[in-house]
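Chemist: Okay, so the sequence shown: first residue is 119 according to my numbering, each after it adds one.
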Amino acid sequence: MLEIDIEIILAQVVTFLIGVFVLWKIAWKPLVSMLDRRKNDISKNISDAQNLKLDTEKLKNDYEQMLKDIDKKSQELIQKATALGDENRQKIILESQVEAKKILDSAKKQMEYEREAVKTDLRREIVPIAISIAEKVTEKLIDKNTKKELIEKFLQDISKQ
Numbered sequence: 119m120l121e122i123d124i125e126i127i128l129a130q131v132v133t134f135l136i137g138v139f140v141l142w143k144i145a146w147k148p149l150v151s152m153l154d155r156r157k158n159d160i161s162k163n164i165s166d167a168q169n170l171k172l173d174t175e176k177l178k179n180d181y182e183q184m185l186k187d188i189d190k191k192s193q194e195l196i197q198k199a200t201a202l203g204d205e206n207r208q209k210i211i212l213e214s215q216v217e218a219k220k221i222l223d224s225a226k227k228q229m230e231y232e233r234e235a236v237k238t239d240l241r242r243e244i245v246p247i248a249i250s251i252a253e254k255v256t257e258k259l260i261d262k263n264t265k266k267e268l269i270e271k272f273l274q275d276i277s278k279q
């Protein structure tokens, strides 16, 4: 059976109390200070994590703002490029119209020049023929100066038409 031995129990209680006393005197302060350090380290780590989270959120917001700014600038650049393209297109159209007008004016001048040249050539060719015809018709009724005047008047009438 089980027997309860008071001496053993008393010895164990005394040994236990001595052990607790020794531990309390020797190990309690270092144990408490170690637990306090651990508590402080954990608090510091939590605080650092919160600060890091805030910094990360700030960076995220900054990057989002930068992306918005970049998007806005790219839209502005696209609008500027489009406006510049439209401006260049209008400039090219205007230059082509001016060039076409110059070509048309040049062609008109060339046609007028050629028309005048044809008239001059025609006069040179018709004058001797007209004189010859006039001489035959009038034969000796009119002198040469009068004939020339009549022919020139005739040619002027033709040029006006």
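Glycine included, C-beta positions come from ideal geometry on N, C-alpha and C.
Taking 8 Å as the cut-off, decide whether the C-beta atoms of Ile269 and Val236 are in contact.
Modeler: No. Outside cutoff.
Chemist: Would you tell me roughly how many angstroms separate the C-alpha atoms of Ile196 and Lys209, rounded to the nearest one?
Modeler: Cα to Cα, Ile196 sits roughly 19 Å from Lys209.
Chemist: Are the beta-carbon atoms belonging to Lys271 and Ile249 less than 8 Å from one another?
Modeler: Contact: no.
Chemist: Hey, Arg233 and Leu273 are a contact pair by Cβ (cut 8 Å); roughly how many whole angstroms apart?
Modeler: Not confirmed; about 15 Å, so no contact.
Chemist: What's the C-alpha gap between Ile160 and Asp166?
Modeler: The alpha-carbon atoms of Ile160 and Asp166 are separated by roughly 10 Å.
Chemist: Using a Cβ-Cβ cut-off of 7 Å (strictly less than) and excluding sequence neighbours within five positions of Ile136, which residues of its own chain qualify?
Modeler: Taken in chain order, the list of residues that qualify is empty.
Chemist: Where does Asp204 fall in DSSP's three states?
Modeler: Helix at Asp204.
Chemist: With Ile144 as the anchor, note down where its alpha helix (DSSP H) starts and where it stops.
Modeler: Note, Ile144: premise wrong, no alpha helix (DSSP H); not H, not E.
Chemist: Between the alpha carbons of Ile247 and Gln228, how many angstroms are there, rounded?
Modeler: Computed Cα separation, rounded: 28 Å.
Chemist: What first and last residue would you give for the alpha helix (DSSP H) that runs through Leu120?
Modeler: Unbroken run through Leu120: none, as it is neither H nor E.
Chemist: Using alpha carbons as the reference points, say which of Ile221, Glu205, Ile276 and Gly203 lies closest to Thr238.
Modeler: Comparing Cα-Cα distances from Thr238 to each of Ile221, Glu205, Ile276 and Gly203, the minimum goes to Ile276.
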